[in-house]
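Below: the structure, in structure tokens.
2 protein chains.
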Amino acid sequence: MYTKTILTVAVAASSLLASDLLTDAKKAGLKPIPSDKKELNKLIDNPKNPITKEKVELGKKLYFDPRLSKSGFISCNSCHNLSEGGDDGIGAAIGHKWTANPHHLNSPTVYNSVFFNSQFWDGRDPHLEAQAQGPIQAAPEMSATPEHVVATVTSMPQYVAEFQKAYGKDVAITFEKVADTIATFERTLVTPSAYDAFLNGKKNALNKAQQEGLKTFIDKGCATCHNGIALGGEMNAFNITGTYKYQDVGDFKGDKNGMVKVPTLRNITQTAPYFHNGQIWELKDAIKEMGRIQLGADINDAEAASIEEFLKALEGKKADIILPQLPASTSKTPKPDIN
Amino acid sequence: MYTKTILTVAVAASSLLASDLLTDAKKAGLKPIPSDKKELNKLIDNPKNPITKEKVELGKKLYFDPRLSKSGFISCNSCHNLSEGGDDGIGAAIGHKWTANPHHLNSPTVYNSVFFNSQFWDGRDPHLEAQAQGPIQAAPEMSATPEHVVATVTSMPQYVAEFQKAYGKDVAITFEKVADTIATFERTLVTPSAYDAFLNGKKNALNKAQQEGLKTFIDKGCATCHNGIALGGEMNAFNITGTYKYQDVGDFKGDKNGMVKVPTLRNITQTAPYFHNGQIWELKDAIKEMGRIQLGADINDAEAASIEEFLKALEGKKADIILPQLPASTSKTPKPDIN
Numbered sequence: 001m002y003t004k005t006i007l008t009v010a011v012a013a014s015s016l017l018a019s020d021l022l023t024d025a026k027k028a029g030l031k032p033i034p035s036d037k038k039e040l041n042k043l044i045d046n047p048k049n050p051i052t053k054e055k056v057e058l059g060k061k062l063y064f065d066p067r068l069s070k071s072g073f074i075s076c077n078s079c080h081n082l083s084e085g086g087d088d089g090i091g092a093a094i095g096h097k098w099t100a101n102p103h104h105l106n107s108p109t110v111y112n113s114v115f116f117n118s119q120f121w122d123g124r125d126p127h128l129e130a131q132a133q134g135p136i137q138a139a140p141e142m143s144a145t146p147e148h149v150v151a152t153v154t155s156m157p158q159y160v161a162e163f164q165k166a167y168g169k170d171v172a173i174t175f176e177k178v179a180d181t182i183a184t185f186e187r188t189l190v191t192p193s194a195y196d197a198f199l200n201g202k203k204n205a206l207n208k209a210q211q212e213g214l215k216t217f218i219d220k221g222c223a224t225c226h227n228g229i230a231l232g233g234e235m236n237a238f239n240i241t242g243t244y245k246y247q248d249v250g251d252f253k254g255d256k257n258g259m260v261k262v263p264t265l266r267n268i269t270q271t272a273p274y275f276h277n278g279q280i281w282e283l284k285d286a287i288k289e290m291g292r293i294q295l296g297a298d299i300n301d302a303e304a305a306s307i308e309e310f311l312k313a314l315e316g317k318k319a320d321i322i323l324p325q326l327p328a329s330t331s332k333t334p335k336p337d338i339n
Numbered sequence: 340m341y342t343k344t345i346l347t348v349a350v351a352a353s354s355l356l357a358s359d360l361l362t363d364a365k366k367a368g369l370k371p372i373p374s375d376k377k378e379l380n381k382l383i384d385n386p387k388n389p390i391t392k393e394k395v396e397l398g399k400k401l402y403f404d405p406r407l408s409k410s411g412f413i414s415c416n417s418c419h420n421l422s423e424g425g426d427d428g429i430g431a432a433i434g435h436k437w438t439a440n441p442h443h444l445n446s447p448t449v450y451n452s453v454f455f456n457s458q459f460w461d462g463r464d465p466h467l468e469a470q471a472q473g474p475i476q477a478a479p480e481m482s483a484t485p486e487h488v489v490a491t492v493t494s495m496p497q498y499v500a501e502f503q504k505a506y507g508k509d510v511a512i513t514f515e516k517v518a519d520t521i522a523t524f525e526r527t528l529v530t531p532s533a534y535d536a537f538l539n540g541k542k543n544a545l546n547k548a549q550q551e552g553l554k555t556f557i558d559k560g561c562a563t564c565h566n567g568i569a570l571g572g573e574m575n576a577f578n579i580t581g582t583y584k585y586q587d588v589g590d591f592k593g594d595k596n597g598m599v600k601v602p603t604l605r606n607i608t609q610t611a612p613y614f615h616n617g618q619i620w621e622l623k624d625a626i627k628e629m630g631r632i633q634l635g636a637d638i639n640d641a642e643a644a645s646i647e648e649f650l651k652a653l654e655g656k657k658a659d660i661i662l663p664q665l666p667a668s669t670s671k672t673p674k675p676d677i678n
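In order, the protein sequence lines correspond to chains A and B. Residue numbers 1 to 339, in this note's numbering, belong to the letters of the first sequence in order. Residue numbers 340 to 678, in this note's numbering, belong to the letters of the second sequence in order.
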């Protein structure tokens with residue numbers, strides 16, 4: 001009996017904490033991935049490039065197809081690896097001819113990037129459709145010309161048929177269309193987590209340590225920048241001209257105001273190393289360093305550990321992806337060029 | 340009535356052809372992938388490294404994990420891409436630091452490699468378990484030390500748990516064990532095709548053109564080397580010292596007799612470019628060139644086209660592979676080293 005009473009009180013206290021926390025989270029601008037499928041579908045869709053099953057399936061193939069790159073060796077998935085939290089786990093991204101990113105920029109995760117309002121580390125474009133055009137062409141990434149991409153795709157009758165199925169018989173297969181199709185696939189890469197279940201009202205979805213971590217996260221001001229559905233991706237807020245550890249690594253200057261995009265915290269346990277230049281390997285170090293340089297707050301070890309507990313709850317469920325079988329090259333397919 | 344009679348005669352003739360062809364194929368040493376699952380399972384198994392569900396699942400993760408490589412960028416799947424017919428579609432394989440294979444060797448397909456009696460282009464080892472150790476360590480491929488691989492795997496509690504589940508609590512996670520586990524996954528990568536259905540007795544599984552192509556294939560002597568279940572992979576037969584097109588590409592000398600392993604013809608439509616040095620891009624050219632230098636036979640355009648029709652029937656069904664989600668790195672996981 002005694003045990004039962006204690007338990008009841010504990011549960012009640014926890015529920016109370018949970019209720020307050022939900023209010024605080026909402027106030028702080030934190031939003032869940034909707035549990036309602038229709039609502040979610042509306043949210044991830046782009047009216048100018050609507051999601052259809054045909055486009056997603058085709059986009060998945062293109063995402064995994066290294067022949068879109070000049071070398072035939074690098075696909076979108078090489079650096080935004082869907083097996084590895086959606087990135088590559090390397091400090092500065094490498095690409096064509098083993099070239100490290102010249103600004104020492106780290107590959108950001110593709111998971112949940114549909115929820116970002118700004119893409120790229122300088123946040124220069126709001127749309128995944130535009131983002132998808134970037135790395136394919138970038139010399140140190142996939143290093144392909146739009147002409148190479150179009151010639152590759154149109155050289156394979158199966159791809160042409162799938163484009164026609166997705167967009168109609170009269171489709172013009174352009175580079176933009178290829179990027180749009182990849183973006184459609186990327187729009188589906190959302191990873192709901194225990195955190196979302198909690199924000200959607202399931203109070204015991206987060207354990208006590210995670211709830212406390214969320215409270216610390218909010219109280220310390222982390223949600224000032226890491227908010228919205230993605231807990232980031234919505235603004236350029238990191239002042240790159242400030243004094244921070246490893247600021248001398250890479251020559252990236254941020255946007256016109258010297259600001260860098262706030263990255264998402266979803267699946268952050270799977271996407272080390274951290275920061276735009278990929279210099280911090282331990283999540284705890286990243287938390288403390290961010291507190292110091294962004295919030296002017298001294299986050300002690302216990303607080304950092306508490307926030308880390310919360311961040312673990314952002315590890316989301318990845319939908320099963322069946323590895324696509326790509327159409328075979330034909331005599332018209334541009335030959336790989338590794339130089 | 341007239342039409343029906345013609346049709347009956349045609350079907351009878353086709354069946355007759357099919358029966359003769361089955362006998363000829365058997366005589367030529369051609370064997371199907373067994374349709375009986377038990378028989379197949381026995382055939383692909385290795386008594387010294389038995390296939391279990393746990394090992395296959397773990398092996399699949401390891402196969403897709405680029406962190407086994409020194410750079411953290413190259414996995415088994417980078418060059419033996421299961422989306423691309425099990426190879427990379429590049430002339431000479433590239434790997435660590437973008438190094439092209441120093442002997443200008445082409446990545447062979449991993450699909451159906453379980454049916455090979457010899458692995459590597461010089462056929463130096465009969466077992467996939469030994470093969471899997473090679474590319475992980477080769478400097479121009481994954482460039483990892485056995486110590487790196489063991490340190491990587493043991494740094495992640497999920498991997499350790501999966502090894503224990505697969506091999507028992509007392510498992511010693513060695514480099515050999517990692518390779519064995521990858522090989523177990525590779526042993527399952529078999530792709531039954533229309534050709535197998537035909538050899539297993541379904542006479543209409545190959546259309547007339549494909550049956551005629553098979554007959555040409557046998558009559559011309561192709562099955563002298565391309566036989567067994569894999570239509571290759573069983574002997575070193577290509578005399579590298581002969582005179583052939585592009586013989587000056589690469590310095591590969593073959594085995595101690597100057598011989599190169601006969602590659603499988605399964606899924607050959609998906610694995611251009613051809614030959615050990617990846618110099619022939621068109622299947623028809625490969626057929627004619629092989630006839631000339633291996634059989635001393637002039638294969639004319641019509642015959643090459645006929646053989647090509649048959650080879651298309653070797654395109655097999657790939658089992659659905661759900662992209663594995665890899666365990667997150669920990670502070671103990673060796674950092675990627677791209678140098």
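Using N, Cα and C, we set each Cβ at its ideal position, and we do this for glycine too.
- residue 358 of chain B versus residue 542 of chain B - alpha carbon distance: The residue labelled residue 358 of chain B in the question sits at position 19 within the second sequence. The residue labelled residue 542 of chain B in the question sits at position 203 within the second sequence. Distance between the alpha carbons of residue 358 of chain B and residue 542 of chain B is about 8 Å.
- Query: Which whole runs of the beta strand (DSSP E) in the stretch 560–634 of chain B are 3 residues long or more, in chain order?
  - Reply: 575–578, 598–600
- Can you say whether residue 392 of chain B is buried or exposed, counting buried as having 16 or more other CB atoms within 10 angstroms of its CB? Residue mapping note: residue 392 of chain B aligns to position 53 of the second sequence, counting from 1. Counting Cβ neighbours within 10 Å, residue 392 of chain B comes out exposed, since fewer than 16 surround it.
- Task: Verify the CB distance criterion: does residue 614 of chain B have a CB-CB separation below 8 Å to chain A?
- Result: Residue numbering aside, residue 614 of chain B sits at position 275 when the second sequence is read from its first letter. Output row for residue 614 of chain B: interface = no.
- Of the residues A:186, A:185, A:151, A:158, the one placed nearest residue 174 of chain A, counting alpha carbons only: Taking the first sequence and counting its residues from 1, one reaches residue 174 of chain A at position 174. If you compare the alpha carbons of A:186, A:185, A:151, A:158 with that of residue 174 of chain A, the shortest gap goes to A:151.
- Task: On a CA-only basis, which of A:338, A:296, A:317 is nearest residue 188 of chain A? Give me that one, please.
- Result: Within the first sequence, the letter at position 188 stands for residue 188 of chain A. Here the closest residue by C-alpha is A:317.
- Message: Output needed for residue 268 of chain A: all residues of its chain with C-beta closer than 7 Å, excluding positions within five of it in sequence on either side, in chain order.
- Response: Translated into the one-based positions of the first sequence, residue 268 of chain A becomes position 268. In its chain, beyond the 5 residues on either side, 283, 311, 314 have a beta carbon closer than 7 Å to the beta carbon of residue 268 of chain A.
- Message: Contact criterion: CB-CB distance below 8 Å. Does residue 169 of chain A meet it with respect to chain B?
- Response: Taking the first residue of the first sequence as position 1, residue 169 of chain A is located at position 169. No - not a single Cβ of chain B is within 8 Å of the one on residue 169 of chain A.
- Query: What is the DSSP secondary structure of residue 316 of chain A, reduced to helix, strand or coil?
  - Reply: The count along the first sequence starts at 1 and reaches residue 316 of chain A at position 316. Residue 316 of chain A: coil per DSSP, three-state reduction.
- Task: Check whether the Cβ of residue 424 of chain B lies closer than 8 Å to any Cβ atom in chain A.
- Result: The count along the second sequence starts at 1 and reaches residue 424 of chain B at position 85. It does: the Cβ of residue 424 of chain B has a partner Cβ on chain A nearer than 8 Å.
- Query: Below 8 Å between beta carbons: does that hold for residue 644 of chain B and residue 368 of chain B?
  - Reply: On the second sequence, position 305 is the one that residue 644 of chain B refers to. On the second sequence, position 29 is the one that residue 368 of chain B refers to. For residue 644 of chain B and residue 368 of chain B, no; Cβs fall outside 8 Å.
- Query: If you drop the 5 nearest sequence neighbours on each side, which residues of the same chain put their C-beta closer than 8 Å to that of residue 648 of chain B?
  - Reply: Locating residue 648 of chain B in the second sequence gives position 309, counting from the first residue. The residues are 548, 549, 551, 552.
- List in chain order: all unbroken alpha helix (DSSP H) runs of 4+ residues lying wholly within the stretch 438–515 of chain B. Counting whole runs of 4 or more residues, the stretch 438–515 of chain B contains the alpha helix (DSSP H) stretches 467–470, 472–476, 485–493, 496–506.
- Scan the stretch 54–72 of chain A for residues whose Cβ lies nearer than 9 Å to a Cβ of chain B and list them as they occur along the chain. 61, 64, 65, 66, 67, 71, 72
- Task: List the residues of chain B that residue 282 of chain A touches, going by C-beta distances under 9 Å, in chain order.
- Result: On the first sequence, residue 282 of chain A is found 282 positions in, with the first residue counted as 1. Those are 670, listed as they occur along chain B.
- Task: For residue 608 of chain B, go through chain A and note every residue whose CB falls closer than 9 Å to its CB, in chain order.
- Result: As a working note, residue 608 of chain B is residue 269 in the second sequence. Within 9 Å Cβ-Cβ: 328.
- Message: Counting only Cβ-Cβ distances shorter than 9 Å, please list the residues of the stretch 548–565 of chain B near chain A, keeping chain order.
- Response: none
- Tell me whether residue 627 of chain B is buried or exposed, calling it buried when 16 or more other Cβ atoms sit within 10 Å of its Cβ. As a first step, residue 627 of chain B is located in the second sequence; it is residue number 288 there, counting from the start. Residue burial annotation: residue 627 of chain B is buried, with at least 16 other C-beta atoms found within 10 angstroms of its C-beta.
- Could you confirm whether any beta carbon from chain A is found closer than 8 Å to the beta carbon of residue 697 of chain B? Because chain B here runs from 340 to 678, residue 697 of chain B falls outside it and cannot be looked at.
- Message: Give me the chain B residues within the contact set of residue 88 of chain A, using Cβ-Cβ distance strictly less than 8 Å, ordered along the chain.
- Response: Taking the first sequence and counting its residues from 1, one reaches residue 88 of chain A at position 88. Those within 8 Å of residue 88 of chain A in chain B are 405, 411, 412.
- Can residue 641 of chain B and residue 605 of chain B be called in contact, C-beta distance under 8 Å? Indexing the second sequence from 1 puts residue 641 of chain B at position 302. Indexing the second sequence from 1 puts residue 605 of chain B at position 266. In this structure, residue 641 of chain B keeps its C-beta atom at 8 Å or more from the C-beta atom of residue 605 of chain B.
- Message: Strictly below 9 Å CB to CB, what residues from chain A border residue 570 of chain B?
- Response: One-based indexing of the second sequence puts residue 570 of chain B at position 231. Per Cβ cutoff of 9 Å: no residues; residue 570 of chain B is ~18 Å from chain A at best.
- The alpha helix (DSSP H) spanning residue 379 of chain B covers which residue range? Here residue 379 of chain B refers to the residue found at position 40 when the second sequence is read from its first residue. 376–383 is the span of the alpha helix (DSSP H), which, as asked, contains residue 379 of chain B.
- Message: For residue 50 of chain A, tell me which candidate among A:166, A:320, A:256 has the shortest Cα-Cα distance.
- Response: On the first sequence, position 50 is the one that residue 50 of chain A refers to. Of the listed residues, the one whose Cα sits closest to residue 50 of chain A is A:166.
- Query: Along the chain, where does the alpha helix (DSSP H) that runs through residue 216 of chain A open and close?
  - Reply: Counted from its first residue, the first sequence places residue 216 of chain A at position 216. Here the alpha helix (DSSP H) through residue 216 of chain A covers 208–219.
- Message: I'd like the ranges of any alpha helix (DSSP H) spanning at least 4 consecutive residues and lying wholly in the stretch 56–106 of chain A.
- Response: 76–79
- Residues that residue 661 of chain B bridges to, as DSSP identifies them: Indexing the second sequence from 1 puts residue 661 of chain B at position 322. Residue 661 of chain B pairs with A:322.
- Message: Quick test of the definition: if touching needs 3 or more C-beta pairs under 8 Å, does the stretch 610–622 of chain B touch the stretch 427–439 of chain B?
- Response: yes
- Item | Proximity of residue 573 of chain B and residue 601 of chain B at Cβ, strictly below 8 Å | Translated into the one-based positions of the second sequence, residue 573 of chain B becomes position 234. Translated into the one-based positions of the second sequence, residue 601 of chain B becomes position 262. Contact flag set, yes.
- Message: Output needed for residue 536 of chain B: all residues of its chain with C-beta closer than 6 Å, excluding positions within five of it in sequence on either side, in chain order.
- Response: Along the second sequence, one-based indexing puts residue 536 of chain B at 197. Correct list, in chain order: 544.
- Find the residues of chain A that neighbour residue 657 of chain B, judging by a C-beta separation of less than 9 Å, and give them in chain order. Taking the first residue of the second sequence as position 1, residue 657 of chain B is located at position 318. Within 9 Å Cβ-Cβ: 323, 325.
- Task: Report the neighbours of residue 477 of chain B on chain A: residues whose CB is nearer than 9 Å to its CB, in chain order.
- Result: Working through the second sequence from its first residue, we reach residue 477 of chain B at position 138. Residues of chain A passing the Cβ test: none, with the nearest at roughly 16 Å.
- Item | Given residue 365 of chain B as reference, the closest of B:465, B:659, B:448, B:566 once Cα atoms are compared | Start at 1 with the first residue of the second sequence, and residue 365 of chain B comes out as number 26. The closest CA to that of residue 365 of chain B, considering only B:465, B:659, B:448, B:566, is found on B:566.
- Item | Opposing strand residues paired with residue 30 of chain A [DSSP bridges] | Indexing the first sequence from 1 puts residue 30 of chain A at position 30. Answer by DSSP bridge pairing, in chain order: A:228.
- Message: Can you find the residues in the same chain that come closer than 6 Å, C-beta to C-beta, to residue 163 of chain A, ignoring five residues on each side of it along the sequence?
- Response: Sequence index remark: in the first sequence, residue 163 of chain A carries index 163 (1-based). Hits under 6 Å: 171, 173.
- Query: Does the count of Cβ pairs from the stretch 581–591 of chain B and the stretch 437–446 of chain B closer than 8 Å reach three?
  - Reply: yes
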